[in-house]
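Trainee: Quick note: the sequence shown uses this note's numbering, first residue 1245, plus one each step. Dropping the structure in here first, questions after.
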Amino acid sequence: MSPPGRWVDLAQRVGSAMVILVLGTGLLLAPPWWSSVGLAILFGALIWELARLSAPSTVPLGEQFPEPRPRPGDARMAYLVALLAALVMAGTLLVSAWCALGFLVPLVLGLRIADPPLRPAFVGNAVLMALATAGLAWVRATHGQGTAWWIVILVVLSDVLGYFVGRSVGGPKFWPAISPKKTWSGTVAGWVGAVALGLALVAAGEAGWGALVAGPLLVFGGQMGDIAESWLKRRAQVKDSSQLIPGHGGLMDRFDAMGGSLAAALVMGLAGLLPTIGS
């Protein structure tokens, strides 16, 4: 008999997968101009959550709240940081890659409101989000929709396998100080799933053997993105990055793993190590 509460968050995990698939489908199938606008808006919303999450909290020490509770002035500044970040990303994707230099402005403003101990985490997560957002557009443009879909499916597959295998098998925790629910069994299941998907694609003639190596690396990047956000939320004493998605938390909660995988895909692609999936 399953221990009580083992599957208590199953509905939330299913909802998370649906959010990723719906938004991912829209961004991948939309024409490039509309996809770029959608990515810029998504990026702005993620930076808004990150700025609020990194700001000094009004939460009493030792207590946890559903979402960040920054000081009123910091909360207002977070909207400005998000707006500027969205505009910079739109310019980067639609006008010129040189526009990315403008990201220094919202980055500096975000640092001004960030709690000093969390400033390195703010910068790291902001850069990761920027790489992930630009990465999705870049992968779609250079490697095609098939490769972009492969990355999205890898993240969802890893999350599903990690959840069910981790809860069913259990065992040693992957990083208990940061994410006490994640197990080594669930983590390895994600890597195995990536290899299995790669084998299926190779057998179907849709990918080369490099997918067997690149897949687990992309999954690992996603797992590290998940860990990074978990650490930040634990330091901020909150359950979710926001309440933008009623009942399912914020966008960072849903796209932390996707962000890590897409950032890894961009780095691998620029190094010539990202395989092309499909024709």
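No residue lacks a Cβ here, since even glycine has one placed at the ideal position from N, Cα and C. The model shown is predicted, which means the values in this text are computed figures rather than measured ones.
State the beta-bridge partners of K1417 as determined by DSSP.
Mentor: Beta-bridge pairing links K1417 to T1427.
Trainee: On the criterion of 16 or more Cβ atoms from any shown chain inside 10 Å, does M1373 qualify as buried, or is it exposed?
Mentor: Around the CB of M1373, 16 or more other CB atoms lie within 10 Å, so the residue is classed as buried.
Trainee: Report all residues from its chain with a CB closer than 8 Å to the CB of K1483; omit the five preceding and five following residues, and keep chain order.
Mentor: Answer for K1483: Q1308, F1309, P1310, E1311, K1477 and G1493, listed in chain order.
Trainee: How would you call W1292, buried or exposed, if buried means at least 16 neighbouring beta carbons within 10 angstroms?
Mentor: Classification for W1292: buried.
Trainee: Thinking A1451 and I1397 are a contact (beta carbons under 8 Å), I'd like their distance in whole angstroms, please.
Mentor: With 8 Å as the limit, A1451 and I1397 do not qualify as a contact, their Cβ atoms being about 12 Å apart.
Trainee: Using the C-alpha atoms, what's the distance from A1392 back to W1453?
Mentor: 18 Å
Trainee: Name the two residues that bound the continuous alpha helix (DSSP H) containing P1276.
Mentor: P1276 to S1298
Trainee: Is the stretch 1297-1304 touching the stretch 1334-1346 in the sense that three or more CB pairs, one from each, lie closer than 8 Å?
Mentor: no
Trainee: Expressed to the nearest angstrom, what Euclidean distance is found between the alpha-carbon atoms of P1314 and R1384?
Mentor: 37 Å
Trainee: Going straight from the alpha carbon of W1475 to that of I1422, what length do you get?
Mentor: When rounded, the separation of the alpha-carbon atoms in W1475 and I1422 is 5 Å.
Trainee: Could you tell me how far apart the beta carbons of V1463 and G1434 are, in whole angstroms, since I believe they sit closer than 8 Å?
Mentor: 5 Å
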